[in-house]
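Structure first, then comments.
In the working numbering, the protein residues as written are 3 to 329.
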């Protein structure tokens with residue numbers, strides 16, 4: 003074999019291996035819980051219960067656990083998962099933080115449950131929202147400036163009174179965050195995908211991804227899109243149904259579930275059963291802050307079923323009131 007031909011073969015082999023690494027498919031993952039970078043893949047069996055945007059609402063978190071009996075079911079060996087779609091931390095501007103601080107209680111309880119359940123603790127999945135991302139990022143910045151328990155109030159006061167103070171005040175968990183919380187938030191996954199085509203992220207679809215591989219190690223732009231974006235129906239320049247469809251096609255999935263955008267932001271034509279829908283491809287809901295007053299919801303999805311449209315998710319079967327007695 004001449005040298006030229008040898009180099010051509012080596013190039014083709016390397017190119018093929020590189021292309022394969024960049025074109026991951028759901029079918030390549032085992033039919034079991036698997037974490038790959040920022041992505042968690044769930045099998046084609048079991049049930050998931052999903053909450054979104056608790057924002058320090060400790061009572062709402064406990065009501066979800068009580069309604070679903072999630073921990074008890076996992077302890078009994080049932081094939082169930084819980085997914086928290088981010089933004090469990092940080093009080094919103096119209097809600098005054100006060101001891102014992104709901105976001106601290108929620109994060110501590112999640113850590114406790116995961117430890118208590120041992121290997122099965124992976125079934126309680128807490129994914130990153132924009133608040134977890136930004137609070138951890140801000141805390142990291144504070145640590146580079148010599149953060150201590152003693153100087154924390156002064157550092158935070160400086161942030162809050164800076165030109166970007168209104169931005170930093172959104173992420174007030176930094177006032178209460180410990181190193182253990184920081185490590186926990188930093189290591190959160192960002193995307194959950196079921197083998198039957200269910201996908202969950204915090205905010206919306208990424209317009210920048212080329213394939214599933216781009217979600218495993220997201221670029222800053224992809225993080226920005228899936229953690230911060232809002233739909234065009236509520237935000238000029240936001241994502242459209244076509245963007246959601248393209249996103250799903252690139253990862254071989256069927257429908258997307260998100261939180262982030264308060265339901266009250268949507269025109270009435272998008273709202274039904276206490277949730278918002280974009281075409282048949284995306285459902286937006288809230289369990290804590292941002293839900294319809296008296297009508298906060300959580301979701302239940304059968305991982306063994308192939309849903310072709312979010313219109314197949316029915317009230318009382320898949321869409322549940324967090325406080326059914328208030329109906």
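Just so it is clear, CB atoms sit at the ideal spot from N, CA and C, and this is done for glycine as well. All figures in this text were calculated on a predicted structure; none of them were measured in a lab.
So, with DSSP's three-state summary, where would you put residue i?
{"i": "residue 86", "result": "strand"}
{"i": "residue 140", "result": "helix"}
{"i": "residue 162", "result": "helix"}
{"i": "residue 202", "result": "strand"}
{"i": "residue 71", "result": "coil"}
{"i": "residue 330", "result": "The structure shown does not extend to residue 330, since the chain is modelled only from 3 to 329, so the question has no answer here."}
{"i": "residue 284", "result": "strand"}
{"i": "residue 302", "result": "strand"}
{"i": "residue 232", "result": "coil"}
{"i": "residue 257", "result": "strand"}
{"i": "residue 310", "result": "coil"}
{"i": "residue 212", "result": "coil"}
{"i": "residue 18", "result": "Legend: pLDDT at residue 18 = 41, less than 50; position of this residue unreliable, value from coordinates given subsequently. Three-state result, residue 18: helix."}
{"i": "residue 147", "result": "coil"}
Can you tell which of the options has its C-alpha closest to the C-alpha of residue i?
{"i": "residue 170", "options": "231, 32 and 143", "result": "143"}
{"i": "residue 161", "options": "137, 184, 182 and 181", "result": "137"}
{"i": "residue 191", "options": "206, 220, 208 and 207", "result": "220"}
{"i": "residue 311", "options": "303, 289, 257 and 322", "result": "257"}
{"i": "residue 199", "options": "93, 237 and 250", "result": "250"}
{"i": "residue 119", "options": "72, 156 and 92", "result": "72"}
{"i": "residue 43", "options": "255, 235, 187 and 222", "result": "255"}
{"i": "residue 315", "options": "67, 193 and 281", "result": "281"}
{"i": "residue 41", "options": "182, 164, 222 and 130", "result": "130"}
{"i": "residue 96", "options": "176, 187 and 172", "result": "172"}
Quick check on the DSSP output: the alpha helix (DSSP H) that includes residue i runs from which residue to which?
{"i": "residue 290", "result": "Where residue 290 is concerned, there is no enclosing alpha helix (DSSP H), given that its DSSP letter is neither H nor E."}
{"i": "residue 109", "result": "104-118"}
{"i": "residue 42", "result": "Run containing residue 42: none in the alpha helix (DSSP H); it sits in the beta strand (DSSP E), 41-44."}
{"i": "residue 181", "result": "181-188"}
With a CB to CB cut of under 8 Å and the five nearest residues on each side skipped, what residues in its chain are close to residue i?
{"i": "residue 253", "result": "28, 195, 201, 211, 213, 214 and 217"}
Can you find the residues in the same chain that come closer than 6 Å, C-beta to C-beta, to residue i, ignoring five residues on each side of it along the sequence?
{"i": "residue 276", "result": "294, 297 and 299"}
{"i": "residue 278", "result": "265, 268, 272 and 286"}
{"i": "residue 45", "result": "33, 34 and 197"}
{"i": "residue 84", "result": "51, 72 and 126"}
From which residue to which residue does the beta strand (DSSP E) around residue i run?
{"i": "residue 51", "result": "49-53"}
{"i": "residue 278", "result": "277-280"}
{"i": "residue 262", "result": "That residue, residue 262, is in no beta strand (DSSP E); it is neither H nor E in DSSP."}
{"i": "residue 37", "result": "36-38"}
Assign residue i to buried or exposed, taking buried as 16 or more other Cβ atoms, counted over all protein chains shown, within 10 Å of its Cβ.
{"i": "residue 284", "result": "buried"}
{"i": "residue 174", "result": "buried"}
{"i": "residue 140", "result": "buried"}
{"i": "residue 98", "result": "exposed"}
{"i": "residue 207", "result": "buried"}
{"i": "residue 16", "result": "The pLDDT assigned to residue 16 is 44, lower than 50, so where the model puts this residue is not dependable, and the model offers no usable value."}
{"i": "residue 260", "result": "buried"}
{"i": "residue 132", "result": "buried"}
{"i": "residue 22", "result": "Confidence is the limiting factor: at residue 22 the pLDDT is only 40, short of 50, which leaves the residue's position unreliable and the question unanswerable from this model."}
{"i": "residue 322", "result": "buried"}
{"i": "residue 237", "result": "exposed"}
{"i": "residue 59", "result": "buried"}
{"i": "residue 94", "result": "buried"}
Note down, in chain order, each residue of its chain lying with its Cβ closer than 7 Å to the Cβ of residue i, except the 5 sequence neighbours on either side.
{"i": "residue 39", "result": "218 and 219"}
{"i": "residue 62", "result": "56, 289, 290, 298 and 324"}
{"i": "residue 124", "result": "35"}
{"i": "residue 67", "result": "73"}
{"i": "residue 48", "result": "81, 82, 83 and 305"}
{"i": "residue 104", "result": "58, 59 and 60"}
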